[in-house]
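Here's the structure, in structure tokens; my notes come after.
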Amino acid sequence: MLWSRHRHAPWYLGAMSFAESSFFPVPPDVMLAPMSLANPSKAWRFALLTTIASVAGGLFGYLIGYFAFDAIEPWLRESRYWLSYQAAVDWFGRWGFWAVFVASFSPIPYKVFTIAAGALSMALLLFTLASLIGRGTRFFLVAGLMAWGGARMEAVLSRYVDLLGWVTVALIVTGVLIFQ
């Protein structure tokens with residue numbers, strides 16, 4: 381909450397959003413929510429900044445996967461992200477665009493999917509489009525809920541954010557399976 385009121389908070393938010401999409405473990409929601417709560421009139425601006433920086437970071441993750449996967453693979457195998465990476469590879473084989481969309485919206489580690497998309501040479505336009513739609517939806521939803529619901533919404537969101545993310549994933553996967 382302290383950082384959210386700092387005069388450089390938007391820069392911190394942008395940097396965190398970029399880094400989280402390719403290598404940093406903390407999601408930008410932890411800054412976006414309090415910033416939107418503290419300054420509701422700027423919530424949409426914060427959501428846009430978070431979306432653009434996150435997608436740019438996702439493109440950086442894509443480049444890591446595309447050009448440097450061999451260099452990071454040993455570390456990835458030893459990290460807690462290896463199983464997620466293997467799941468991402470499987471999802472790409474089945475759902476492509478939808479895999480990136482679900483990962484960009486849900487609590488699934490998006491960075492794993494950005495690297496996997498590059499390593500598997502996913503079409504860059506589809507990757508970018510899925511990332512923009514998914515990340516934008518997520519961050520505008522968080523900012524909008526904070527601006528609208530205030531401190532009470534923050535408490536509810538922090539308690540149920542993972543559950544909401546997994547319910548959304550289940551709904552999207554069900555929809556994709558039904559309409560395939």
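In the numbering used here, the protein residues as written are 381 to 560.
From the three backbone atoms N, C-alpha and C, an ideal C-beta is built for every residue, glycine too.
Given this structure, state the Cα-to-Cα distance separating residue i from residue j, to the nearest angstrom.
i	j	result
S486	R518	8 Å
Y446	K491	13 Å
A503	F426	29 Å
S501	A451	16 Å
N419	R539	22 Å
Q466	G498	14 Å
Y392	F449	28 Å
F440	T508	11 Å
P390	S484	21 Å
A479	P454	24 Å
F520	S459	31 Å
T554	I444	31 Å
W475	V547	18 Å
T430	H386	16 Å
A436	L428	12 Å
H388	G473	41 Å
Whose C-beta lies closer than 7 Å to the C-beta of residue i among residues of the same chain, with five residues either side of it excluded?
i	result
A433	G394, S397 and F398
L456	W462 and Y465
I513	F481
Short of 6 Å in beta carbon distance, which residues of its chain neighbour residue i, apart from the five on each side in sequence? Order them along the chain.
i	result
G438	S401, T494 and S511
V469	A496
L506	F477
D409	V522
W471	A479
From this set, the options, which residue's C-alpha is nearest residue i's C-alpha?
i	options	result
G516	F449, L412 and R387	L412
Y442	L543, F520, T430 and F403	F403
A550	I488, T430, R532 and L428	I488
G530	A436, E458, V406 and S421	S421
G524	A423, T431 and R532	A423
R532	P414, P407, V547 and I444	P414
So, at 8 Å on beta carbons, what are the nonlocal neighbours of residue i in its own chain, with the 5 sequence-adjacent residues on each side left out?
i	result
V406	M396 and E400
V536	G529
Length at least 3, wholly inside the region 478–525: the beta strand (DSSP E) runs in chain order: none
Runs of alpha helix (DSSP H) wholly within the region 420–481 (minimum 4 residues, chain order): 423–458 and 462–475
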